[in-house]
Amino acid sequence: MKLELRGITKRFGSLVANDNINLTVNPGEIHCLLGENGAGKSTLMNVLYGLYHAEEGEILLDDVVQDFAGPGDAMAAGIGMVHQHFMLIPVFTVAENVMLGHEETTFGGRLNMTATRKTVRELSDRFGFDLDPDALVEDLPVGVQQRVEIIKALSKNAQVLVFDEPTAVLTPQETDELMLIMKQLRDAGTAIVFITHKLREVREVADRITVIRLGKVVGEAEPTATNEELASLMVGRAVDLMIDKGPADPGAPALVVKDLSVIDHVGQMVVNRVSFEVRAGEILAIAGVQGNGQTELTEAIMGLQQHVTGEISLDGKPLNRLSVNKVLNSGVGFVPEDRNVDGLVGDFTVAENLMLDRSDGEPFVKFGNLQLGYLATFAEEKVEQFDIRAQGIRTLVGRLSGGNQQKVVLARELSRELRLFVAAQPTRGLDVGSIEFVHTQIVAARDAGVAVIVVSTELDEVAALADRVAVMYRGGIIGIVPGDTSRDVLGLMMAGEHHDSRGAVA
Amino acid sequence: MSAVSQTSGAGADKIVLEKAFVKNWKAPISFGVVTIVALLLFVLNGREGTSSFKLTADATAIQLPVIQLPTVATGIVITVLLAGLTAYSAYRVQTERKTPLWIVAIFAFLFLVGFLAWAGAGASIPVYGLLLGTVALSAPLIFGALGGVISERSGVVNIAIEGQMLAGAFVSAMVATLTGNAFAGLFGAMVAGMLVSFVLAAFAIKYLVDQIIVGVVLNVLVLGLTSFFYSTIMTANPQMFNQPARFPRIEIPVLSQIPIIGPLLFQQTIIIYIMYVTVFVVWYGLFHTRWGLRVRSVGEHPQAADTVGIKVGVTRFWNVSLAGAVAGMGGAYFTLGSVGAFNKEMTAGAGFIALAAVIFGQWDPLKATMAALLFGFATNLQSVLGVIGSPVPSEFMLMLPYVVTILAVAGFVGKSRAPAADGKPYIK
Ligand SMILES: Nc1ncnc2c1ncn2[C@@H]1O[C@H](COP(=O)(O)OP(=O)(O)OP(=O)(O)O)[C@@H](O)[C@H]1O
Ligand SMILES: [Mg+2]
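Line by line, the protein sequences give chains L and C.
The first sequence begins at 1 in the working numbering and counts up one residue at a time.
The second sequence begins at 1001 in the working numbering and counts up one residue at a time.
Given below as structure tokens:
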């Protein structure tokens, strides 16, 4: 089915999120939508999906003007969407989430779970996902939840499919699989819109590329364009894809972790007797395929896990058994993996979120009173410094674009006095310009003598930041190697192969 | 220990992890506390005499023998058994196994028997009456709780259960008297409960007014209205407006003769049969049908429901209305099932106890029914023990159900979690 958007304009109050946008996607075509954080990509797609109503413009499918009152109509017309922020119900199983909205029933109105399980299994086999239809979504790691979201969209046999940053939380292998799927679907005649910030992916699958900046279409690009060309078209300036980083000057061991184990609520050893140390002024990257215990390891350091054994100390003082608040107050900054669940309060303003974990003392609170004046100045400054695209500091964080939400978390955590900075997937969902900025900030923190842990599933990021790399596999650390270790070696280690020769020394 | 199998295919790699057991001493500790209470009451504070348990009423065809137990000896035996179960539960934790629910059930049952024997020393304890009374007292709570479950599962806090029940009680008395038909009265009660819900739904869903405030206001409003019409219309002319036809008792042949179970399940008025069916239908509906899946989805994550084409507002509106109808039936039970006439303020807080049952029952129709039964049982136990003359002050007895539920919820049922979007209006 051919999709055409004509002159779409969407405003939020005084903000023009989409300004007279024209876009055509032909059947059998993968159309990549590129643009900075907050450029208006998700908004445009939400208009297409009937979630938002555009002030101006029209949506045409096969040259017929559509009038969508809600997502139901859009779905009925053959549009499917993988949302940037998962639209999954945490307490439902995978199968229930997939069937919701178009449930099949059998005798007595009973939900036909057998049929749905079969659909889920078939689709997940076909695309090489390994999904258990009966698993509760909330128990699944984000990467797997993303697969559920994809299966959900695929199960509806849509003619026009929108993928809004589906690869942000996927591992490179999963991304490759997804791109294969998209190619399969394209060859079967589906019209696909693909939003991503990763230029490698764009060049691999795109048939056409449209770039949006500040709500307007600023140009089209050929899939043959170089990374640099694409990046500068998106951001409007030249971008350094690999930041300059001087050699580390590590000091005394700051964070020392000994024999750390974490047991989850179903009794699995998600972190299995892990020992390592991070020195002041050094970046330790924790690499590994999603779900090998990285999340739980960082949460254990922060005091967010229940059943932890072993020792964690920072500058010689024990950190375990402290409340999260005390951990934060001893100079630990934390960027959680899932910003929407753990990092932000969506119904609070940008300013309030910027002081969220600092509400127990000066400078934000004096004698139990919020210092609103100070907070406003502080927030304005951070919004400026981190280039957070929001209408103002009083905008609700839930209304920001995905990348800008991430920047709010980073701005908050990086603006404290830090001894240790723990960042899980710090650049997830950020555009290339912002990644450059965040990486620079992290290196600056290191150079200021902060011990830094960066958890990343992106080898690009690991290569850009790491002084040393610890690779996690099945809850354990399989080896710690220097930051310049080749990708092939890292890849092997991530698949569970020991790298004996250098592992012990580094 | 880490004998894990290597699976192929990088992306589809299933991560297999070592297993470990986290020791949880909650169960043995709570068991221990209860055992000490048993020791203090039944043994150290034992009462002389025999306790007789009467299992069947005098008039029934099949008579079960009266069980006679020497009170002190029973107390000792039961305390020893409880101590044994405590030790067993501790042993299980020590050997890294959980305490299964059936042990908890046996433990609770034993304690109850011990308590009844102790409290009823020298008297005859009418077990059948205790159970029958439980059903009678719980029935309105169960209807109310089901109304609460449906509404809150769809994401609207239903404080107005009390009002829905009271409106149901009033209207059913009126309609049943005017038409001379109890079924018409029941129908009237459902409509009345629904009308109260309409107001709640309109303000909460359409105008986004705080749901708790609307609920409280509705309760006061209904109380005022029914009291006013009761004292003006009903008391002036009771024959005309407040002498409803009542539901007759329907005995199901043969089945109703089964001892103990027969009278409970098969010798009831039609409204109790309807209640049993409603419990089942709501449970089945919520967890096994399209309706239930959608109700739960709008109560958990309305935006996600919206993106798959479910109309959040509409779904909530109709389910809050349905909830009102169900709670209204609970009101009809007061007038048509038990008392036989409407009285001012006759629900007397039953709606709030139903709400408590919803929460203790973790928003699950079956568990909420159990909680309602437990409340009914304790209320009834208190009055039965009052009749046979028990040593426990009745105020303590009144506390019992709540103490038991708190223990049960804290110790065994696990974390109680409301539907995620319960009470939150959905704004796109
Ligand atoms: N519901 C809303 N209310 C108010 N403003 C909104 C709302 N949704 C989006 N915006 C604003 O519209 C702009 C475009 O946001 P959008 O989510 O479309 O960006 P995006 O291109 O998808 O960015 P990202 O790559 O970070 O996901 C942002 O400035 C955002 O703050
Ligand atoms: Mg977006």
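Beta carbons: idealized from backbone N, C-alpha and C, even for Gly.
It should be emphasised that the depicted structure is a prediction, and the values quoted were computed from it without experimental measurement.
Can you list, in chain order, the residues of its chain whose CB lies under 7 Å from that of residue i, leaving out five sequence neighbours each side?
| i | result |
| --- | --- |
| C/Ser1394 | Gln1382 and Gly1386 |
| C/Ala1421 | Gly1155, Gly1299, Glu1300, His1301 and Pro1302 |
| L/His439 | Ile243, Ala464 and Leu465 |
| L/Ser155 | Val98, Thr119 and Leu123 |
| L/Met1 | Pro27, Leu61, Asp62, Gly78, Gln159, Val160 and Ala191 |
Going straight from the alpha carbon of residue i to that of residue j, what length do you get?
| i | j | result |
| --- | --- | --- |
| C/Gly1144 | C/Met1165 | 7 Å |
| L/Leu178 | C/Trp1363 | 39 Å |
| L/Arg446 | L/Val332 | 13 Å |
| L/Arg502 | L/Leu328 | Summary for L/Arg502: the model assigns pLDDT 47, below 50, so the residue's position carries little reliability, and this model does not support an answer. |
| C/Phe1352 | L/Asp460 | 58 Å |
| L/Gly398 | L/Gln405 | 8 Å |
| L/Glu311 | C/Leu1355 | 45 Å |
| L/Phe68 | L/Phe194 | 21 Å |
| L/Ile151 | C/Val1171 | 51 Å |
| C/Met1234 | C/Phe1241 | 6 Å |
| L/Glu299 | L/Asp342 | 11 Å |
| L/Ser232 | L/Val162 | 25 Å |
| L/Ala424 | L/Ile286 | 9 Å |
| L/Val25 | L/Ile209 | 10 Å |
| C/Thr1315 | L/Val202 | 41 Å |
| L/Met493 | L/Arg487 | 10 Å |
| L/Val90 | L/Gly291 | Going by the sequence as given, residue 90 of chain L is Pro instead of Val. Taking the straight line joining both Cα atoms gives about 18 Å. |
| C/Arg1290 | C/Gly1193 | 24 Å |
| C/Gly1236 | C/Asn1219 | Looking at the sequence provided, one finds Ala at residue 1236 of chain C rather than Gly. Looking at the two C-alpha atoms, the distance is approximately 25 Å. |
| L/Gly215 | L/Met81 | 20 Å |
| L/Lys198 | L/Val432 | 8 Å |
| L/Asp19 | C/Val1312 | 30 Å |
Keeping to the same chain, check which residues put their C-beta closer than 8 Å to that of residue i; ignore five residues upstream and five downstream.
| i | result |
| --- | --- |
| L/Phe356 | In the sequence as displayed, the identity of residue 356 of chain L is Leu instead of Phe. Contacts found: Leu344, Val345, Phe348 and Arg412. |
| L/Gly13 | Gln391 |
| C/Ile1212 | Val1157, Ile1159 and Gly1423 |
Taking 8 Å as the line, does the beta carbon of residue i fall inside it for any heavy atom of ligand 1?
| i | result |
| --- | --- |
| L/Gly43 | Correcting the residue type first, residue 43 of chain L is Thr in the shown sequence and not Gly. Yes. |
| L/Thr349 | no |
| L/Glu149 | no |
| L/Thr514 | There is simply no residue 514 of chain L to check, as chain L begins at 1 and stops at 506 in what is shown. |
| L/Gln385 | no |
| L/Gln391 | yes |
| L/Glu201 | no |
Can you list, in chain order, the residues of its chain whose CB lies under 6 Å from that of residue i, leaving out five sequence neighbours each side?
| i | result |
| --- | --- |
| L/Pro250 | Arg279, Gly281 and Glu282 |
| C/Ala1027 | Ser1089 and Thr1099 |
| C/Ile1078 | Leu1110 and Gly1114 |
When you measure from the CB of residue i to every non-hydrogen atom of ligand 2, does any distance come out below 8 Å?
| i | result |
| --- | --- |
| L/Ser330 | no |
| C/Ile1427 | no |
| L/Ile195 | yes |
| L/Ser261 | no |
| L/Asp164 | yes |
| L/Gly509 | As displayed, chain L neither begins before 1 nor continues past 506, which places residue 509 of chain L out of reach and without an answer. |
| L/Gln84 | yes |
| L/Ser401 | yes |
Check whether the Cβ of residue i lies closer than 8 Å to any heavy atom of ligand 3, and answer yes or no.
| i | result |
| --- | --- |
| L/Phe437 | The model depicted lacks ligand 3 and carries ligand 1 and ligand 2 instead. |
Mind pulling the chain D residues with CB within less than 9 Å of residue i?
| i | result |
| --- | --- |
| L/Ile89 | The structure shown has no chain D; the protein chains it does contain are L and C. |
Give, in chain order, every unbroken run of the beta strand (DSSP E) that is at least 3 residues long and sits entirely within the segment 53–132 of chain L.
-> 56–61, 64–66 and 79–82
Interfacial residues, the segment 295–312 of chain L to chain C, with Cβ spacing under 9 Å = Gln306 and His307
Taking the runs of the alpha helix (DSSP H) that are 4 residues or longer, which of them lie wholly in the segment 390–440 of chain L?
-> 402–414
Contact residues within the segment 1297–1315 of chain C, judged by C-beta distance below 8 Å to chain L = Ser1297, Glu1300, His1301, Gln1303, Ala1304, Ala1305, Asp1306, Thr1307, Val1308, Gly1309, Ile1310 and Lys1311
Could you please tell me which residues of the segment 1018–1042 of chain C, in chain order, have their CB closer than 8 Å to any CB of chain L?
-> Identification of residues in the segment 1018–1042 of chain C having a C-beta nearer than 8 Å to some C-beta of chain L yields Glu1018, Lys1019, Ala1020, Phe1021 and Val1022, given in sequence order.
For the segment 453–475 of chain L, enumerate the residues whose C-beta is nearer than 8 Å to any C-beta of chain C, in chain order.
-> Residues Arg474 and Gly475.
Identify each residue in the segment 1270–1293 of chain C for which the Cβ-Cβ distance to at least one residue of chain L is less than 7 Å, and report them in chain order.
-> His1288, Thr1289, Arg1290 and Leu1293
Would you list, in chain order, the members of the segment 164–188 of chain L that have their beta-carbon closer than 8 Å to a beta-carbon of chain C?
-> Thr171, Gln173, Glu174, Asp176 and Glu177
Using a beta-carbon distance cut-off of less than 7 Å, what residues from the segment 248–276 of chain L approach chain C?
-> Ile263, Gly267, Gln268, Met269, Val270 and Asn272
Return the chain-ordered ranges of every beta strand (DSSP E) run that is complete within the segment 201–227 of chain L and spans a minimum of 3 residues.
-> 208–213 and 216–221
Using a Cβ-Cβ cut-off of less than 9 Å, list which residues of the segment 190–212 of chain L approach chain C; keep chain order.
-> none
Which runs of the beta strand (DSSP E), 3 residues or longer, sit entirely within the segment 284–341 of chain L?
-> 307–314 and 332–335
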